[in-house]
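Colleague:
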Amino acid sequence: MSKAHKHVLAKNTDVHVEVARRFAQHGQRYSSKRRAIVSMLETSDRPLTISEILQLSKKFNDANNAIVQSSLYRNLVVLEEVGAVQKVVSTDDNGRYELNEEILGHHHHLLCSECGDVRDVVIPEHLEKKLDNELGRIAKRSGFKLGQHRLDLIGRCQKCA
Ligand SMILES: [Zn+2]
Ligand SMILES: [Zn+2]
Numbered sequence: 000m001s002k003a004h005k006h007v008l009a010k011n012t013d014v015h016v017e018v019a020r021r022f023a024q025h026g027q028r029y030s031s032k033r034r035a036i037v038s039m040l041e042t043s044d045r046p047l048t049i050s051e052i053l054q055l056s057k058k059f060n061d062a063n064n065a066i067v068q069s070s071l072y073r074n075l076v077v078l079e080e081v082g083a084v085q086k087v088v089s090t091d092d093n094g095r096y097e098l099n100e101e102i103l104g105h106h107h108h109l110l111c112s113e114c115g116d117v118r119d120v121v122i123p124e125h126l127e128k129k130l131d132n133e134l135g136r137i138a139k140r141s142g143f144k145l146g147q148h149r150l151d152l153i154g155r156c157q158k159c160a
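If you count the sequence shown from 1, position 30 lands on 29 in numbering that gives the first Met the number 0, and the numbers rise without skipping.
#1: Return the CA-CA distance between V88 and D61, expressed in angstroms with no decimal places.
#2: Quick check: is any heavy atom of ligand 2 less than 6 Å from the C-beta of E127?
#3: Apart from the five residues just before and just after Q68, which ones in its own chain have a Cβ nearer than 8 Å to its Cβ?
#4: Let me know the secondary structure DSSP gives M0 once reduced to three states.
#5: Assuming L47 contacts R118 under a Cβ cut-off of 8 Å, what Cβ separation, rounded to an integer in Å, is found between them?
#6: How many Å lie between V37 and D116 at the Cα?
#7: How many whole angstroms separate the CB atoms of V81 and H25, which I take to be in contact at a CB cut-off of 8 Å?
#8: CB of D13 to nearest heavy atom of ligand 1: below 6 Å?
#9: Is D131 near ligand 1, in the sense that its beta carbon is under 6 Å from a heavy atom of that ligand?
#10: Along the chain, where does the alpha helix (DSSP H) that runs through Y72 open and close?
#11: Rounded to a whole number of angstroms, what is the C-alpha to C-alpha distance between A3 and D44?
#12: Flag E51 as yes when its Cβ comes closer than 6 Å to any non-hydrogen atom of ligand 1, and as no otherwise.
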């Protein structure tokens with residue numbers, strides 16, 4: 000697990016407890032497959048594509064327990080519905096998934112414009128405060144009350160630089 004994730008996850012020591020609570024709220028079952036998906040996302044230091052989740056699932060489970068693609072799609076839909084997981088849009092056509100920001104903690108993404116790779120990045124707290132103040136002021140000028148912000152850093156990753 001990356002330093003960044005340790006930092007933001009400190010507030011939520013047990014991700015599964017929080018995810019289970021969301022499943023219960025929606026009257027859905029937090030099955031072992033869904034748990035496995037959440038664990039993979041939790042231990043990753045970046046959002047994962049469908050094929051990366053499938054590969055990881057094969058690596059850590061025997062053939063009987065590995066997740067098949069159709070089941071992964073269905074489970075990701077439910078995980079999104081209950082607010083456990085969110086989709087991340089990058090510069091390519093691959094959908095990527097990460098834990099909901101309320102669970103994972105506020106952070107931003109580095110997007111590679113060449114290969115679509117996505118990395119998590121945490122902006123120092125004092126800068127986040129400055130950003131919220133300034134963006135809040137800009138939003139207010141349009142009669143808009145700022146709730147939260149999203150900000151992507153787009154460029155080229157180490158491999159593509
Ligand atoms: Zn790249
Ligand atoms: Zn921010």
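Think of the CB as a built atom: it goes at the ideal place given N, C-alpha and C, for glycine as much as any other residue.
Modeller: Well, looking at it:
#1: Cα to Cα, the separation comes out at about 31 Å.
#2: yes
#3: Once the five neighbours on either side are set aside, the close Cβ partners of Q68 are I49, L53.
#4: No answer about M0 holds up, because its pLDDT of 37 lies below 50 and its placement is not dependable.
#5: Their Cβ separation, rounded to whole angstroms, is 12 Å, which puts L47 and R118 out of contact at 8 Å.
#6: 20 Å
#7: 5 Å
#8: No.
#9: no
#10: 68-80
#11: In this prediction, A3 scores a pLDDT of 43, lower than 50, which makes its location untrustworthy; no coordinate-derived value is stated.
#12: no
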